[in-house]
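**Student:** Protein chains in written order, with my numbering: chain R, 357 to 770; chain C, 3 to 480.
No residue lacks a Cβ here, since even glycine has one placed at the ideal position from N, Cα and C.
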Amino acid sequence: MAAQTILQKLEILADAAKYDASCASSGTAKKNSLGGKGIGSTEGMGICHAYAPDGRCISLLKILLTNHCVFDCHYCVNRKSSNVARARFTPQEVVDLTLAFYRRNYIEGLFLSSGIVKNSNHTMEQIVEVARILREEHDFRGYIHLKTIPEADPEIVHQAGLYADRVSINVELPTDSGLTRLAPDKDARQIEGAMGKVKADLVEAKDARKRFRHAPRFAPAGQSTQMIVGADAATDADIVGKASRLYDNFRLRRVYYSAFSPIPDASAVLPLKRPPLIREHRLYQSDWLMRFYGYKPSDVMQATEADGNLPLDIDPKLAWALKFREAFPVDVNRASKEQLLRVPGLGVKAVGKILASRRHRALRLDDVALLTQSITKVRPFICTVDWRPITLTDRADLRSLLAPKSEQLELFAA
Amino acid sequence: MTALQHVKLGTYYVVHLPEADDFDFWRERARALVQSDVPPDRVAWVEPGGSGDLFAHGERRMPVPPMDAKPVRANRRFVSLARNAILHSDPERFALLYRLLWRLQSSPRMMEDKADPDVRRVEELDKNVRRDSHKMHAFVRFRLVESEDEDVGEHYVAWFEPDHHILRANAGFFMRRFSNMRWSILTPRGSLHWDTETMSEGPPAERHDAPGGDPMEDLWRTYYASIFNPARLKIGAMLKEMPKKYWKNMPEASLIPELVAGAQGREARMVEKGALEFEERPDTLAAIDKAIHACRKCPIGQLDNHAVMGEGPQDAALMIVGEQPGDQEDQTGRPFVGPAGQLLDTHLEKVGIDRRAAYVTNAVKHFKYVQRGKRRLHQNPGAKEIDTCRWWIEGERAIVQPKLVLAMGASAARGLLGKTVSISRVRGAPIPLEDGSELWVTAHPSYLLRLEGAAREEQAQLFDADLAAVRARLEELA
Ligand code: SF4
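#1: Beta carbons nearer than 8 Å to chain C: which residues of the segment 525-545 of chain R have them?
#2: Quick one: is Asn439/R buried, meaning 16 or more other Cβ sit within 10 Å of its Cβ, or exposed?
#3: Return the residues of the segment 126-145 of chain C that lie within a Cβ-Cβ distance of less than 9 Å from chain R, sorted by chain order.
#4: For Ser762/R, which residues in the same chain have their Cβ closer than 7 Å to its Cβ, ignoring the five residues on either side in sequence?
#5: For Glu279/C, does the count of other Cβ atoms within 10 angstroms reach 16, so buried, or fall short, so exposed?
#6: If you measure beta-carbon to beta-carbon, which residues of the segment 175-206 of chain C are closer than 7 Å to chain R?
#7: Taking only runs of the beta strand (DSSP E) that begin and end inside the segment 597-621 of chain R, which ones reach a length of at least 3 residues, in chain order?
#8: Less than 8 Å separating the beta-carbons of Glu325/C and Gly411/C?
#9: In terms of alpha-carbon separation, which member of Ala662/R, Lys652/R, Asp669/R and Lys566/R lies closest to His637/R?
#10: Helix, strand or coil for Asp687/R, going by three-state DSSP, please let me know.
#11: Using a Cβ-Cβ cut-off of 8 Å, state whether Pro409/R counts as contacting chain C.
#12: Out of Gly664/R, Lys387/R and Glu399/R, which one is the CA nearest neighbour of Asp495/R?
#13: With 16 other CB atoms within 10 Å as the buried threshold, where does Phe96/C fall?
#14: Give a yes or no on whether the C-beta atoms belonging to Ile229/C and Ala408/R are separated by under 8 Å.
#15: Please name the residues in the segment 439-451 of chain R whose beta-carbon is closer than 7 Å to at least one beta-carbon of chain C, in chain order.
#16: DSSP three-state label for Pro434/C, please.
#17: For a contact defined as C-beta to C-beta under 7 Å, what are the partners of Glu254/C on chain R?
#18: Would you decide whether Leu363/R is buried or exposed? Buried here means 16 or more other CB atoms lie within 10 Å of its CB.
#19: At least one CB of chain R closer than 8 Å to the CB of Ala87/C: is that the case?
#20: Using a C-beta to C-beta distance shorter than 9 Å, which residues of chain C count as neighbours of Arg412/R?
#21: Quick check on Gln461/C: does DSSP put it in helix, strand or coil?
#22: Between which two residues does the alpha helix (DSSP H) holding Trp104/C run?
#23: Does DSSP put Glu492/R in a helix, in a strand, or in coil?
#24: Going by other Cβ atoms of all chains shown within 10 Å of its Cβ, with 16 needed for buried, is Leu419/C buried or exposed?
#25: Quick check on DSSP: helix, strand or coil for Ile525/R?
#26: Classify Asp306/C: buried if its beta carbon has 16 or more other beta carbons within 10 angstroms, exposed otherwise.
#27: Straight-line CA distance for His157/C to Val484/R?
#28: Roughly how many whole angstroms lie between the Cα atoms of Gln37/C and Arg78/C?
#29: Near Leu697/R, what residues of its chain come up, given a Cβ to Cβ distance below 8 Å and the 5 sequence neighbours on each side ignored?
#30: What three-state label does DSSP hand Leu406/C in the structure shown?
#31: Taking the alpha-carbon positions, what's the Val17/C to Ser202/C distance?
#32: Pull up the CB-CB distance for Leu379/C and Arg475/C, whole angstroms please, since I reckon it's below 8 Å.
#33: Whose C-beta lies closer than 7 Å to the C-beta of Glu613/R among residues of the same chain, with five residues either side of it excluded?
#34: Between Ala385/C and chain R, is the shortest Cβ-Cβ distance under 8 Å, so that the two count as touching?
#35: Look at the Cβ atom of Ile512/R, then the Cβ atom of Met480/R, and state whether they are nearer than 8 Å.
#36: For the segment 694-713 of chain R, which residues have a beta carbon sitting closer than 7 Å to at least one beta carbon of chain C?
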């Protein structure tokens, strides 16, 4: 067979990476290339350099070093028994691509993952080698996110953290039984063990920097993980529970969810139906509630329905409010920030504006309308000097009144 | 002394700004005007190229504030908003900012009142400018120009069309990022040039001043086309963040119509395929029987053969799983009727297992073979084929719900476990399955058929021992 061109390899190895949900390039230490020999900067906020027709942002060159794999995970298009086209980059080729794209301002940096070739250590070494060449030989100061292989030697994983802004280890599936069944070659304890080790490295590096200003940084953007949703029977309550344990135990920056999507050449062990993308969306919304709105995992779990899943027709915040109607209406002129944050339709920004404005005037419904996206959604849950929803929160059909007209709208509206 | 005494009644002041984005100039003039008590409706602000017709006869000399004028007050929030909002292209921005500054003197906390129309407007300007800057950071696309001159070397040039006067304000961002690269950003409002040491400004440019292409763009477009998932088209979300007006200067954007159109096709094919892959699995044995005859999920089903359904009582405690039907099974439509089946019967009888009480089936439902003349030679199914056919055996298992499953041969074990195990290592002990039943693994009887003499004798004994252990365990479970 003729050798593949870079273009052909890129086609295969970017395609193989498209199921990975993480894209963020934010939250790392500030750096720039002034006074250095190379290029690159990170200024806290990541930049999305393009958007793909699936609505997701492109901020990093997200590719696999290779999609050859000795493992046989059923949800994965690269599993050993799948018959997709295979390709393999050399570390230098990935470096060259990253730099060429970066110089043209196409990307913020590199997200590198890989199928497992030969063995875990070998693969991890190759991944680290890419980062080493970028950082040491080219003085590259852009963003690097490395996917680490849990079975690899902790020493090599540690190296990865010294070069990368962020490292991630996929937990793959929300339950251990799901993992046993769908990723027979993987081991839940090993995955969590690797996360624990990374957390220890993060803590230690932070400590060292407090004492010595020049102590090496270790993955300043922290660690993240990804879970596949809908490939096994785990409910949203299971998933949220798992995510919050991971946040607590390993101080993760982010848990990404990837709705299992019908991958070409799917294995027959996979579920009957493709889970709706909207479910992934609801999980992100609940993650958001926990990270920015002060909801506890137990609050989100209480918002699930009898089957343990979040409703698909309404968002989790509204679902919670409808279950706890006694917490409403909330007086926008008097309520605490925490109470305001629980009002469906009020975002963090709108709450900030309400708190600031109410020092100057007693807010009327029209004022609130100016400060929010949609007053219709908010109205049933608040009172103002000129508005009190006497009957609305008691109405049995409140849900259908507030639910978006169809779930299609939310996902595909142009 | 009343305020109005400083100012000639009826005087209009006209302030000409030297640059559209000169905040410091505006601040200085605004301070003097406030201190001279000139109300907002008496000042006209004119930016370069803008018209000051309305106030053509206004006073161009600035009023001189009285010695005892109070200092002008403005909180930090106002200053940072104003500094950014002044970059907006709205000609009204200077007047708006002056009006706000004026009002701030009597109500110093006014900026907190988010419901005030002036405060809202300036926040809106600020937001538009920040968004425009952000889009510039994101959507500038450099193209490489290789110079003939060795000393000059590589030069990266971009063409960008900002909506507002943001070019100068964003010079630092590109300088910090590309500090060791020679680059220029050309825009209709002016240009920036960085030579790795100093920044210089140039006149407005036109699109044809910038290079037309870059060889890297093919790779970039390939990346762009490959990284998105056609099964989750969300055009609205894309347009919201990357409005069409930016597309013409982004090499990858030319692909979008094609990708969107193609995605529908790709998704339709996925759904078509998915109709098979994600159908509801039949929940009766009769329906599975019917479905496997129509199944073409793997290449074996495309051969000239028939599917063979398992047989036995639906409430059997023991499920025996072989590899796949052979020639005779294919002909008769029944499992384990050929030589291997006969050998199995003998051994089952020997250890006292009643075959008729067990549910007997295969990991793969169709016969895989190669044609040699008139003969059909048996071939082992591949891992992928076994995994595909696992769909059906799982269906049978879900209905029969055996307490114990006996898998004969590595293929059968894979059909139940999803991974390949070594028989010699796992035989003789149960492997728990996730529904609470247990799996026992032994050799396939056709393996015995291929052996001779002492080796066969030895394997037969092992086989019997496995069967005896299964029998004992069944009695325990009963
Ligand atoms: S062998 Fe199994 S998967 Fe393949 S076509 Fe036959 S029934 Fe379908």
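**Tutor:** To lay it out plainly:
#1: Ser533, Thr536, Arg537, Leu538, Pro540 and Asp541
#2: As a working mapping, residue 439/R is identified with position 83 in the first sequence. That one is exposed.
#3: His136, His139, Ala140, Phe141, Val142, Arg143, Phe144 and Arg145
#4: Here residue 762/R corresponds to residue number 406 of the first sequence, with the count starting at 1. Any reading at Ser762/R needs caution, since the residue's pLDDT is 45, under 50, leaving its predicted position unreliable; the model's value is listed next. Correct list: empty, nothing qualifies.
#5: Counted from its first residue, the second sequence places residue 279/C at position 277. No answer about Glu279/C holds up, because its pLDDT of 49 lies below 50 and its placement is not dependable.
#6: Arg178, Arg179, Phe180, Ser181, Asn182 and Met183
#7: If we require 3 residues or more, the beta strand (DSSP E) runs fully inside the segment 597-621 of chain R come out as 610-615.
#8: Sequence index remark: in the second sequence, residue 325/C carries index 323 (1-based). Sequence index remark: in the second sequence, residue 411/C carries index 409 (1-based). Yes, the pair counts as a contact, with Cβ atoms nearer than the cut-off.
#9: By one-based count along the first sequence, residue 637/R stands at place 281. It is Asp669/R whose Cα lies nearest to the Cα of His637/R.
#10: Here residue 687/R corresponds to residue number 331 of the first sequence, with the count starting at 1. Asp687/R falls in the strand class under three-state DSSP.
#11: The residue labelled residue 409/R in the question sits at position 53 within the first sequence. Closer than 8 Å to some Cβ of chain C, the Cβ of Pro409/R qualifies, so yes.
#12: Position 139 of the first sequence holds residue 495/R. Of Gly664/R, Lys387/R and Glu399/R, the residue nearest in Cα terms is Lys387/R.
#13: Position 94 of the second sequence, counted from the start, is the residue given in the question as residue 96/C. Its Cβ being crowded by 16 or more others within 10 Å, Phe96/C is buried.
#14: Looking up residue 229/C in the second sequence gives position 227. Looking up residue 408/R in the first sequence gives position 52. Yes, Cβ-Cβ distance for Ile229/C and Ala408/R is below 8 Å.
#15: Asn439
#16: In the second sequence, residue 434/C corresponds to position 432, counting from 1. Strand.
#17: As a working mapping, residue 254/C is identified with position 252 in the second sequence. Residues of chain R passing the Cβ test: Ala406.
#18: To locate residue 363/R, count along the first sequence from 1; it is residue 7. Burial call: exposed.
#19: Your numbering for residue 87/C matches position 85 in the second sequence. For Ala87/C, the answer is no, since every Cβ of chain R falls outside 8 Å of its Cβ.
#20: Counting from 1 along the first sequence, the entry for residue 412/R is found at position 56. Those are Ile229, Phe230, Asn231, Arg234, Lys236, Ala239 and Met240, listed as they occur along chain C.
#21: Residue mapping note: residue 461/C aligns to position 459 of the second sequence, counting from 1. In the structure shown, Gln461/C sits in a helix (DSSP, three-state: H, G or I).
#22: Locating residue 104/C in the second sequence gives position 102, counting from the first residue. For Trp104/C, the uninterrupted alpha helix (DSSP H) segment begins and ends at Arg95 to Ser108.
#23: If you number the first sequence from 1, residue 492/R lands on position 136. In this structure, Glu492/R counts as helix in the three-state DSSP scheme.
#24: As a position in the second sequence, residue 419/C is number 417, starting the count at 1. When all chains shown are included, Leu419/C counts as buried.
#25: Your numbering for residue 525/R matches position 169 in the first sequence. The answer is coil: DSSP assigns Ile525/R none of H, G, I, E or B.
#26: On the second sequence, residue 306/C is found 304 positions in, with the first residue counted as 1. Asp306/C is exposed by the Cβ-count criterion.
#27: Here residue 157/C is taken as the residue at index 155 of the second sequence, counted from 1. Here residue 484/R is taken as the residue at index 128 of the first sequence, counted from 1. So the two alpha carbons sit approximately 31 Å from each other.
#28: On the second sequence, residue 37/C is found 35 positions in, with the first residue counted as 1. On the second sequence, residue 78/C is found 76 positions in, with the first residue counted as 1. C-alpha separation (whole angstroms): 19 Å.
#29: In the first sequence, counting from the first residue as 1, residue 697/R sits at position 341. Correct list, in chain order: Tyr649, Gly650, Val704 and Val707.
#30: Against the second sequence, residue 406/C aligns to sequence position 404. The answer is strand: DSSP assigns Leu406/C an E or B state.
#31: The residue labelled residue 17/C in the question sits at position 15 within the second sequence. The residue labelled residue 202/C in the question sits at position 200 within the second sequence. When only Cα atoms are considered, Val17/C and Ser202/C end up about 28 Å apart.
#32: Translated into positions along the second sequence, residue 379/C becomes position 377. Translated into positions along the second sequence, residue 475/C becomes position 473. Between Arg475/C and Leu379/C the Cβ distance is about 37 Å, and since that is not below 8 Å, they are no contact.
#33: On the first sequence, position 257 is the one that residue 613/R refers to. Here residue 613/R is Tyr; the residue named in the question, Glu, does not match the sequence. Excluding residues within five positions, the ones whose Cβ falls inside 7 Å are Ala377, Met583, Val585, Glu636, Leu639 and Tyr640.
#34: Within the second sequence, numbered from 1, the residue matching residue 385/C stands at position 383. Yes, Ala385/C lies at the interface with chain R (some Cβ there is under 8 Å from its Cβ).
#35: Within the first sequence, residue 512/R is the residue found at index 156, counting from 1. Within the first sequence, residue 480/R is the residue found at index 124, counting from 1. Yes, these two residues count as a Cβ contact at 8 Å.
#36: Interface annotation for the segment 694-713 of chain R against chain C: Lys709, Ala712 and Ser713, criterion Cβ-Cβ distance under 7 Å.
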